[in-house]
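A.B. asks:
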Ligand code: AP5
């Protein structure tokens, strides 16, 4: 399996996004500012000559250092042609890394289910295999990204952005991924995957009649098919994908991680796991280095 290694440049990019260690320009022992116990030590031994007024600035610095050391939650984007396996991999990524999965397609289908005007309009575009207009989809995704669970656990953005204008909407908000996973699957396989895909409306699990058949008869009897999962519609969706994908790739090239999606879902996930784990490992190293730098200053 050939997974591009260009994500390593992404590591340096995310490093530049990390909060910098605040500069501590006083002559205080910075180690003393780091924890309560060491602060007490500082108070008793190193600060004997300082007046009691030293405490507020020292506390402020301690807060700054802790803020610098606080780990930022992981931000992952996954892209690929229709039925390339984004949803399938998101389930595995979510289970392993605990990120909040945000699927633009799922948000749109939920809107359609409410019967709202936006939902009706979205469905017209989805039936034609076209992108739903930005005025509907951009706000929807932005609102979801602002929810507290996302801030707390990090995000896994699936099927968004799909155009330059959507990518720019995120850029303008300063929202960038640590890694942009691109699933590469040959067109013949995509059509087969779409036509055989089924969904369990009870658990939300994605099946494939050939590649991931339902576990038992009870599940098999309740499986549904998406309204846009026909051979005719997937060809339109593919056309839309190829018209837009290059402009999105151009924005995220430095954090791009290409994965061969033609193989089994377990093999695909093994590659993705390696990519995400590398990012986490690098972030941990950078955090430790930042902490050490903060302590040494
Ligand atoms: P969306 O729902 O996102 O559809 P999509 O991008 O076409 O992708 P799919 O959900 O079809 O496939 P997937 O890649 O998740 O594959 P899956 O894991 O299910 O979007 C639908 C529509 O909404 C768009 O056409 C557009 O109109 C609109 N829309 C969405 N986002 C938008 C946006 N940002 N802006 C504007 N409009 C937007 O797998 C597929 C099948 O293959 C399954 O049966 C699975 O079991 C099987 N499978 C998966 N991996 C493997 C494997 N490795 N080997 C064998 N089988 C596998």
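Numbering (this note's numbering), first residue to last: 1 to 297.
Beta carbons: idealized from backbone N, C-alpha and C, even for Gly.
This one's a predicted model, so the numbers in the text were calculated from it and none came from an experiment.
#1: Quick check on the burial criterion: 16 or more other C-beta atoms within 10 angstroms. Buried or exposed for residue 257?
#2: Between 206, 172, 138, 115, which has its C-alpha nearest residue 104's C-alpha?
#3: Please determine whether the Cβ atom of residue 191 lies at a distance below 8 Å from any heavy atom of the ligand AP5.
#4: With a 10 Å radius around its C-beta and 16 neighbouring C-beta atoms as the bar for buried, classify residue 88 as buried or exposed.
#5: I'd like to check one pair, residue 131 with residue 90: are the Cβ atoms closer than 9 Å?
#6: Let's see if you can read the secondary structure: which residues bound the alpha helix (DSSP H) around residue 80?
#7: Report yes if the C-beta of residue 222 is less than 8 Å from at least one heavy atom of the ligand AP5; otherwise report no.
#8: With three or more C-beta pairs closer than 8 Å as the rule, is the segment 243 to 251 touching the segment 160 to 171?
#9: Would the C-beta of residue 183 count as close to the ligand AP5, meaning under 8 Å from any of its heavy atoms?
#10: Any heavy atom of the ligand AP5 closer than 8 Å to the CB of residue 245?
#11: If we count the other Cβ atoms within 10 Å of its Cβ and call it buried at 16 or more, is residue 187 buried or exposed?
#12: Opposite residue 158 in the DSSP bridges: which residues?
#13: Going by other Cβ atoms of all chains shown within 10 Å of its Cβ, with 16 needed for buried, is residue 133 buried or exposed?
#14: Does the segment 96 to 115 come within contact of the segment 191 to 201, defined as at least 3 CB pairs closer than 8 Å?
#15: Which residues mark the beginning and the end of the alpha helix (DSSP H) in which residue 222 is found?
#16: Hey, is residue 183's beta-carbon within less than 9 Å of any beta-carbon in chain D?
#17: Return the chain-ordered ranges of every beta strand (DSSP E) run that is complete within the segment 211 to 292 and spans a minimum of 3 residues.
#18: Sorted by chain position, which residues of the same chain lie with C-beta nearer than 6 Å to residue 180's C-beta, five sequence neighbours on each side aside?
#19: Would the C-beta of residue 89 count as close to the ligand AP5, meaning under 8 Å from any of its heavy atoms?
#20: Assign residue 177 to one of two classes, buried (16 or more other C-beta atoms within 10 Å of its C-beta) or exposed (fewer than that).
#21: Taking residue 183 as the reference, which of 174, 264, 149, 153 has the closest Cα?
#22: Output needed for residue 102: all residues of its chain with C-beta closer than 8 Å, excluding positions within five of it in sequence on either side, in chain order.
#23: Tell me whether the segment 208 to 219 and the segment 228 to 245 touch, counting them as touching only if at least three CB pairs, one residue from each stretch, are closer than 8 Å.
#24: With a 10 Å radius around its C-beta and 16 neighbouring C-beta atoms as the bar for buried, classify residue 288 as buried or exposed.
#25: Which residue marks the beginning of the beta strand (DSSP E) containing residue 72, and which one marks its end?
#26: Looking at the unbroken beta strand (DSSP E) that takes in residue 181, where does it start and where does it end?
#27: Report yes if the C-beta of residue 180 is less than 8 Å from at least one heavy atom of the ligand ADP; otherwise report no.
#28: Using only the alpha-carbon positions, how far apart do residue 282 and residue 218 sit?
C.D. replies: The structure says:
#1: As a first step, residue 257 must be located in the chain shown, where it is residue number 257. Counting other Cβ atoms within 10 Å of its Cβ, residue 257 reaches 16 or more and is therefore classed as buried.
#2: As a first step, residue 104 is located in the chain shown; it is residue number 104 there, counting from the start. Selected option, being the one with the closest Cα: 138.
#3: Counting from one through the chain shown, the residue named residue 191 turns up at place 191. Not so, every heavy atom of the ligand AP5 lies at least 8 Å from the Cβ.
#4: The residue labelled residue 88 in the question sits at position 88 within the chain shown. The Cβ neighbour count for residue 88, taken over all protein chains shown within 10 Å, is at least 16; the residue is labelled buried.
#5: On the chain shown, position 90 is the one that residue 90 refers to. On the chain shown, position 131 is the one that residue 131 refers to. Going by C-beta atoms, residue 90 is not nearer than 9 Å to residue 131.
#6: Taking the first residue of the chain shown as 1, we reach residue 80 at position 80. Taken as a continuous stretch (DSSP letters only), residue 80 belongs to no alpha helix (DSSP H), being part of the beta strand (DSSP E) at 75 to 80.
#7: If you number the chain shown from 1, residue 222 lands on position 222. For the ligand AP5, no non-hydrogen atom lies closer than 8 Å to the CB of residue 222.
#8: Touching, yes, given that three or more Cβ pairs across the two stretches are closer than 8 Å.
#9: For the purposes of this step, residue 183 is taken as the residue at position 183 of the chain shown. Yes, Cβ of residue 183 sits closer than 8 Å to a heavy atom of the ligand AP5.
#10: Position 245 of the chain shown, counting from 1, holds the residue named residue 245. Within 8 Å of the C-beta of residue 245 there is not a single heavy atom belonging to the ligand AP5.
#11: Start at 1 with the first residue of the chain shown, and residue 187 comes out as number 187. Exposed, because fewer than 16 other Cβ atoms sit within 10 Å of the Cβ of residue 187.
#12: Locating residue 158 in the chain shown gives position 158, where the first residue counts as 1. Paired residues: 78, 103.
#13: Translated into the one-based positions of the chain shown, residue 133 becomes position 133. Exposed is the label assigned to residue 133, since fewer than 16 other Cβ atoms lie within 10 Å of its Cβ.
#14: Because the criterion of three Cβ pairs below 8 Å is not met, the segment 96 to 115 and the segment 191 to 201 do not touch.
#15: In the chain shown, residue 222 corresponds to position 222, counting from 1. Unbroken alpha helix (DSSP H) run through residue 222: 217 to 222.
#16: No chain D appears in this structure, which consists of one protein chain only.
#17: As for any beta strand (DSSP E) of minimum length 3 sitting wholly inside the segment 211 to 292, the runs are 256 to 260, ordered along the chain.
#18: Numbered from its first residue, the chain shown carries residue 180 at position 180. By the criterion of a C-beta distance shorter than 6 Å, residue 180 is surrounded in its chain by 77, 252, 255, 256, once the five residues flanking it on both sides are discounted.
#19: As a working mapping, residue 89 is identified with position 89 in the chain shown. The answer is yes for residue 89.
#20: Your numbering for residue 177 matches position 177 in the chain shown. Looking at its Cβ environment, which holds 16 or more other Cβ atoms inside 10 Å, residue 177 is buried.
#21: Here residue 183 is taken as the residue at index 183 of the chain shown, counted from 1. Distance from the Cα of residue 183 is smallest, within the candidate group 174, 264, 149, 153, for 264.
#22: Position 102 of the chain shown, counted from the first residue, corresponds to residue 102. When the five nearest sequence neighbours on each side are left out, the beta carbons in the same chain lying within less than 8 Å of the beta carbon of residue 102 are those of 141, 144, 145, 150, 155, 156, 157, 158, 160, in order along the chain.
#23: With a cut-off of 8 Å, the segment 228 to 245 and the segment 208 to 219 do not count as touching, because too few Cβ pairs lie within range.
#24: Working through the chain shown from its first residue, we reach residue 288 at position 288. Around the beta carbon of residue 288, a 10 Å sphere encloses fewer than 16 other beta carbons of the protein chains shown; the residue is thus reported as exposed.
#25: As a first step, residue 72 is located in the chain shown; it is residue number 72 there, counting from the start. No beta strand (DSSP E) contains residue 72, which DSSP labels as neither H nor E.
#26: Working through the chain shown from its first residue, we reach residue 181 at position 181. First-last of the beta strand (DSSP E) with residue 181: 179 to 184.
#27: Within the structure as shown, the ligand ADP is missing, the only ligands being the ligand AP5.
#28: Here residue 282 corresponds to residue number 282 of the chain shown, with the count starting at 1. Here residue 218 corresponds to residue number 218 of the chain shown, with the count starting at 1. Between residue 282 and residue 218, the C-alpha separation is close to 45 Å.
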